[in-house]
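Asker:
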Amino acid sequence: MARREPIMLILAAGMGSRYGGLKQIDPVGPHGEIIIDYSVFDAVAAGFKRFIFIIKEENREVFDEVLLSHLPKELDLQVVYQDLEDVPEGFAIPEGREKPWGTTHAIYSARDLIDAPFAVINSDDYYGREAFVKLYNFLKEEHEPNHHAMVGFKIRNTLTEHGSVSRGVCRVADDHLVGIVERKKVYKDGDDALFEDVSGAMQSLSGDTIVSMNFWGFQEAFMEVIAQAYEHFFAEEVQRDPLKAEALLPEAVGGELKKEDAILVDVFTSDDAWLGVTYHEDRAPVVQGFQNLVQDGVYPSPLWK
């Protein structure tokens with residue numbers, strides 16, 4: 001049986017509370033392009049032909065208008081809704097819960113459509129062409145069901161001047177991921193970084209520290225891990241913090257890494273600088289960043305002919 005073409009899964013259902021709006025569809029390119037436009041463009045250039053977008057159902061009309069309507073017709077495009085009511089069997093939604101369940105749930109939402117190796121990216125992060133090429137080539141090759149990959153970025157290239165961000169801080173040995181911890185309050189500190197630990201104390205990180213920006217490449221079998229992690233999240237984390245707990249992808253990966261020989265994760269590093277909109281103040285430098293990329297000939301303008 002022929003190996004099916006890899007899928008690009010794009011997480012676009014975040015609420016964007018710190019940004020102050022629906023940042024996934026905020027135009028940043030010279031002709032109104034949004035960040036996802038550039039991600040899809042880079043993914044297509046790398047070889048991807050199949051795309052699944054995870055969005056909130058109430059955003060479908062505007063999402064169609066600002067993105068799907070102008071993407072190349074030859075691409076295989078599918079849309080899945082991340083639904084707060086999509087909980088594991090035997091569990092219920094806590095009263096008053098409005099916050100989405102997190103990135104692990106976003107991937108879980110696409111479980112019925114995943115029939116091939118798949119990549120995962122955020123919709124509001126710009127990764128650069130290099131990352132897409134590395135992940136596509138990996139996913140096209142034959143690997144064991146538990147052999148996955150990620151693209152890691154130096155933390156100094158991923159921080160904003162305007163506040164804290166969340167980053168998956170990685171431990172890497174011999175180009176393999178051996179540990180990952182989600183740090184939710186990471187700040188820029190010159191060429192280095194600071195993060196607030198669970199006790200509230202500030203800890204330093206070298207600017208060369210590798211972090212995950214949620215750019216992963218998984219074999220199809222990883223969906224079983226996602227389903228198990230999501231159920232465990234409801235059994236444990238939701239009980240402790242019913243209104244705010246989030247099932248985060250780095251935690252699902254990290255849990256598997258703690259099990260002996262459960263998974264192998266190759267780490268491809270990228271020197272590309274991050275562009276992203278965590279806060280509204282990030283928008284102006286992102287707009288300028290894409291203007292510079294167009295002027296340097298990295299992208300045509302308009303992006304889609």
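First residue of the sequence shown? That's 1 in the numbering used here, and the numbers climb one at a time after it. Where a beta carbon is used, it is the ideal one built from N, C-alpha and C, also for glycine.
Assess contact between the region 170-177 and the region 110-119, defined as three or more Cβ pairs (one per stretch) separated by less than 8 Å. Is contact present?
Answerer: Judged by Cβ distances under 8 Å, the region 170-177 makes no contact with the region 110-119, as fewer than three pairs qualify.
Asker: Once DSSP output is grouped into helix, strand and coil, what is the label at Y126?
Answerer: Three-state result, Y126: strand.
Asker: Under three-state DSSP, which class holds N146?
Answerer: Reduced to three states, the DSSP call for N146 is coil.
Asker: Let me confirm a value: G20 is counted as buried when at least 16 other C-beta atoms fall within 10 Å, else exposed. Which label applies?
Answerer: Because the pLDDT of G20 is 47, which lies under 50, any placement of that residue in the model is unreliable, and the question is left without a value.
Asker: Going by DSSP, name the residue or residues bridged to T269.
Answerer: The partner list for T269 (beta bridge, DSSP) reads G152.
Asker: Can you check DSSP and say which residues form a bridge with W216?
Answerer: Bridge partners of W216: V120, M150.
Asker: Can you give the beta carbon distance from A116 to P6, rounded, assuming they're within the 8 Å contact cut?
Answerer: With a Cβ gap of about 6 Å, A116 and P6 count as contacting.
Asker: Determine the contact status of N157 and W274, defining contact as a CB-CB distance below 8 Å.
Answerer: In this structure, W274 lies closer than 8 Å to N157 by Cβ.
Asker: Using a Cβ-Cβ distance under 8 Å, would A149 count as near chain C?
Answerer: Among the chains in the structure shown there is no chain C, since it carries only a single protein chain.
Asker: Give me, in chain order, the residues of the same chain whose beta-carbon lies closer than 6 Å to that of D37; leave out the 5 immediate sequence neighbours on both sides.
Answerer: The answer, listed in chain order, is L303.
Asker: Which value, in whole angstroms, describes the spacing of the CA atoms of C170 and I263?
Answerer: Roughly 15 Å between the two C-alpha positions.
Asker: State the Cα-Cα distance for the pair G32 and V62, rounded to the nearest angstrom.
Answerer: G32 and V62: Cα-Cα distance of roughly 14 Å.
Asker: Work out the CA separation of D124 and G190 for me, nearest whole Å.
Answerer: Their backbone Cα atoms lie some 24 Å apart in a straight line.
Asker: Can you list, in chain order, the residues of its chain whose CB lies under 8 Å from that of E220, leaving out five sequence neighbours each side?
Answerer: Only I114, D115, A116, P117, F118, P145 meet the Cβ criterion.
Asker: Can you name the start and end residues of the alpha helix (DSSP H) that I107 belongs to?
Answerer: It spans 103-108 - the alpha helix (DSSP H) in which I107 sits, taken as one unbroken run.
Asker: Buried or exposed: which applies to P300, given that a residue is buried once 16 or more other Cβ atoms fall within 10 Å of its Cβ?
Answerer: P300 should be labelled exposed.
Asker: What separation, rounded to the nearest whole angstrom, lies between the Cα atoms of T103 and F233?
Answerer: Rounded to whole angstroms, T103 to F233 spans 12 Å at the Cα level.
Asker: Three-state secondary structure (DSSP) at H280?
Answerer: Note: H280 maps to helix in three-state DSSP.
Asker: Using DSSP bridges, identify the partner residues of K188.
Answerer: K188 is bridged to A193.
Asker: Assign N292 to buried or exposed, taking buried as 16 or more other Cβ atoms, counted over all protein chains shown, within 10 Å of its Cβ.
Answerer: Answer is exposed; the Cβ neighbour count stays below 16.
Asker: Assuming the contact rule is C-beta atoms closer than 8 Å, S212 and M150 should be a hit. Round their C-beta distance to whole Å, please.
Answerer: That belief holds up - the Cβ atoms of S212 and M150 are roughly 6 Å apart, short of 8 Å.
Asker: Between the Cα of E256 and those of I10, H148, N122, spot the shortest distance and give me the residue it belongs to.
Answerer: Out of I10, H148, N122, H148 has the C-alpha closest to the C-alpha of E256.
Asker: Within 10 angstroms of the Cβ of E251, are there 16 or more other Cβ atoms? Answer buried if so, exposed if not.
Answerer: So E251 counts as buried.
Asker: Where does the unbroken beta strand (DSSP E) through R97 begin, and where does it stop?
Answerer: Looking at the DSSP string, R97 is not in any beta strand (DSSP E), and its letter there is neither H nor E.
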